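As structure tokens, the structure follows; a few thoughts come after it.
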Amino acid sequence: MGEYSKALSWHERSLETRKIALPPNHPDFAQFYLNIGSVYAKMGEYSKALSSYERSLEIEKIALPPNPPDLASSYTGIALVYDNMGEYSKALSSYERSLEIQKIALPPNHPNLANSYNNISVVYAKMGEYSKALSSFERSLEIQKIALPPNHPDLASSYTGIALVYYNMGDYSKALSSHKRSLEIQKIALPPNHPDLASSYTGIGLVYNNMGEYSKALSSYERSLEIQKIALPPNHPNFAISYNNIGLVYYNMGEYSKALTYYEKDLEISLKSLPPNHPDLAKSYNGIGVVYYNMGEYSKALSTFERSLEIQKIALPANHPDLAASYNNIGHLNYSIGEYSKALACYEKALGMYQKSLPPGHHDMVRTQNNIALLRKKM
Numbered sequence: 000m001g002e003y004s005k006a007l008s009w010h011e012r013s014l015e016t017r018k019i020a021l022p023p024n025h026p027d028f029a030q031f032y033l034n035i036g037s038v039y040a041k042m043g044e045y046s047k048a049l050s051s052y053e054r055s056l057e058i059e060k061i062a063l064p065p066n067p068p069d070l071a072s073s074y075t076g077i078a079l080v081y082d083n084m085g086e087y088s089k090a091l092s093s094y095e096r097s098l099e100i101q102k103i104a105l106p107p108n109h110p111n112l113a114n115s116y117n118n119i120s121v122v123y124a125k126m127g128e129y130s131k132a133l134s135s136f137e138r139s140l141e142i143q144k145i146a147l148p149p150n151h152p153d154l155a156s157s158y159t160g161i162a163l164v165y166y167n168m169g170d171y172s173k174a175l176s177s178h179k180r181s182l183e184i185q186k187i188a189l190p191p192n193h194p195d196l197a198s199s200y201t202g203i204g205l206v207y208n209n210m211g212e213y214s215k216a217l218s219s220y221e222r223s224l225e226i227q228k229i230a231l232p233p234n235h236p237n238f239a240i241s242y243n244n245i246g247l248v249y250y251n252m253g254e255y256s257k258a259l260t261y262y263e264k265d266l267e268i269s270l271k272s273l274p275p276n277h278p279d280l281a282k283s284y285n286g287i288g289v290v291y292y293n294m295g296e297y298s299k300a301l302s303t304f305e306r307s308l309e310i311q312k313i314a315l316p317a318n319h320p321d322l323a324a325s326y327n328n329i330g331h332l333n334y335s336i337g338e339y340s341k342a343l344a345c346y347e348k349a350l351g352m353y354q355k356s357l358p359p360g361h362h363d364m365v366r367t368q369n370n371i372a373l374l375r376k377k378m
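Counting from 1, position 369 in the sequence shown corresponds to residue 368 in numbering that gives the first Met the number 0; the numbering is continuous, with no gaps.
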């Protein structure tokens, strides 16, 4: 946190000095606002970051020709903030505008083009559009293999992205292989406590968790958390994600009180660091709801599941798999209290969403089909 504060102070002092010497829309100001926006984004102060990036863009539109690479950088910064705020359609629009400019201004295999494809892929993945995400990640990786040295950190980012998509498509062996390739590169290319290393350990933990290898998952998540405690400010949103992940492992191991403790830590940070309808808040409520459900506290479980669903309906596309998972959870709860018709309605809603968003035979879809079949026999 101290390093970010120093960087911010330096950029702001430099900006004030230049304001004395230069006219108000001089192109140099755009770079200063861009730098300030970047620091705020890293600190998780997204509204301040957005304001700085938008000021940079304003100046560039006045001071520069129509499609310079600098304009692309401002659109990328704006998109990054929207992405972190969970406003994915706005993020996608800004990333695509950045890519359009880069295609005009840069040679065809320039590394910045790869970065743009990578960014677009991440947003598609968050929107549940996995085939589009995979296609963009693969285009990014193609360019990087031509343009960059073999252990460049940007290559690691593409492998991480590809791993994320395979993970969401249920192909865990490919996901694990891609995460491990990313981590290999990062260990060579980055300092030992870089936040990207934490992200790779998190990704590996997610895969192990879904493969049922809980001790390996817990070890990976705890390594990620160690790095984050060194590299990030105390209420950074990534801490919430780590606590959520650790909570899920304890839940899967049947240690519900530990799981609840970690989920509550996650929610506490998420409420401080994220906008009120961010999709990660829904995950926090969902985790707490699942624990209450398994502890037999059904009214508390229902209340938190419904809060999660409210947020997802605002924040996510209509057929996103996370929405389906929430309907599934509410279905399980209604089944447990004997409300079979309500349970069936929820399961059918979940199945319809999975059929539109996941590949055929995905384990979540199969599980939901089995739930419907079992419930119909009961009725």
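For glycine and all other residues, C-beta sits at the position ideal for the given N, C-alpha and C. None of these values were measured; they are calculated from a predicted model.
Other residues of its chain near residue i: CB distance less than 7 Å, five sequence neighbours each side excluded
| i | result |
| --- | --- |
| LYS348 | TYR326 |
| ALA162 | ALA174, SER177, HIS178, SER181, GLY202 |
| PRO316 | MET126, GLY127 |
| ARG306 | TYR284 |
| TYR291 | LYS299, ALA300, THR303 |
| VAL122 | ASP82, TYR87, ALA90, LEU91, TYR94 |
| LEU273 | PRO236, ASP279, LEU280 |
Residue i (DSSP reduced to helix, strand or coil)
| i | result |
| --- | --- |
| MET364 | helix |
| ALA317 | coil |
| ASN251 | helix |
| ASN237 | helix |
| ILE336 | coil |
| HIS151 | coil |
| PRO278 | helix |
| LEU357 | coil |
| MET168 | coil |
| PRO68 | helix |
| GLY295 | coil |
| GLY351 | helix |
| GLY43 | coil |
| LEU63 | coil |
| LEU133 | helix |
| LEU308 | helix |
| LEU266 | helix |
| LEU343 | helix |
| LEU273 | coil |
Cβ neighbours of residue i in the same chain (closer than 8 Å, five flanking residues each side left out)
| i | result |
| --- | --- |
| PRO67 | GLU59, ILE100, ALA104 |
| TYR3 | VAL38, LYS41, MET42, PRO232 |
| PRO320 | GLY127, ASN167, MET352, TYR353, SER356, LEU357, ASP363 |
| GLN311 | PRO278, ALA281, HIS319, ASP321, LEU322, SER325 |
Separation of residue j from residue i, as counted between CA atoms
| i | j | result |
| --- | --- | --- |
| ASN117 | SER8 | 31 Å |
| ILE35 | SER73 | 12 Å |
| LEU231 | ASP279 | 18 Å |
| LYS341 | LYS282 | 23 Å |
| LEU343 | ALA197 | 40 Å |
| VAL289 | ALA132 | 29 Å |
| ALA188 | LEU217 | 25 Å |
| PRO23 | GLN143 | 38 Å |
| VAL80 | LEU332 | 36 Å |
| ALA323 | TYR249 | 23 Å |
| SER135 | HIS277 | 24 Å |
| LEU70 | LEU56 | 6 Å |
| ASN243 | VAL206 | 15 Å |
| CYS345 | ALA155 | 39 Å |
| TYR226 | GLU338 | First, the amino acid is wrong: residue 226 is Ile here, not Tyr. If I take the Cα positions, the gap works out to 46 Å. |
| ALA146 | SER46 | 34 Å |
| ASP433 | GLU53 | Outside the shown range of the chain (0 to 378) lies residue 433, about which nothing can therefore be said. |
| LEU350 | ALA258 | 28 Å |
| ASN369 | HIS361 | 13 Å |
| LEU374 | ILE268 | 38 Å |
| PHE28 | LEU63 | 12 Å |
Per-residue burial, residue i [other beta carbons within 10 Å of its own, 16 or more giving buried]
| i | result |
| --- | --- |
| ILE329 | buried |
| ILE61 | exposed |
| LYS125 | buried |
| SER335 | exposed |
| GLU86 | buried |
| ALA372 | exposed |
| PRO149 | exposed |
| GLU44 | buried |
| ASN208 | buried |
| SER88 | exposed |
| ILE245 | buried |
| VAL365 | exposed |
| GLY204 | buried |
| ASN237 | buried |
| ILE229 | exposed |
| SER214 | exposed |
Beta-carbon contacts of residue i that lie in its chain and below 6 Å, excluding the five residues immediately before and after
| i | result |
| --- | --- |
| TYR129 | VAL164, ASN167, MET168 |
| MET210 | TYR171 |
| SER139 | ALA113, TYR116, ASN117, SER157 |
| ALA383 | Nothing can be reported for residue 383, as the shown portion of the chain is limited to 0 through 378. |
C-beta neighbour in chain B for residue i, strict 7 Å
| i | result |
| --- | --- |
| ASP153 | Absence of chain B from the displayed structure is noted, only one protein chain being present. |
> Quick one: complete alpha helix (DSSP H) runs, 4+ long, within the region 176-230?
Replying inline: The alpha helix (DSSP H) runs of length 4 or more contained entirely in the region 176-230 are, from start to end of the chain, 194-209, 213-230.
> Along the chain, which unbroken stretches of the alpha helix (DSSP H) at least 4 residues long are found entirely within the region 78-128?
Replying inline: Within the region 78-128, the complete alpha helix (DSSP H) runs of at least 4 residues are 87-104, 110-125.
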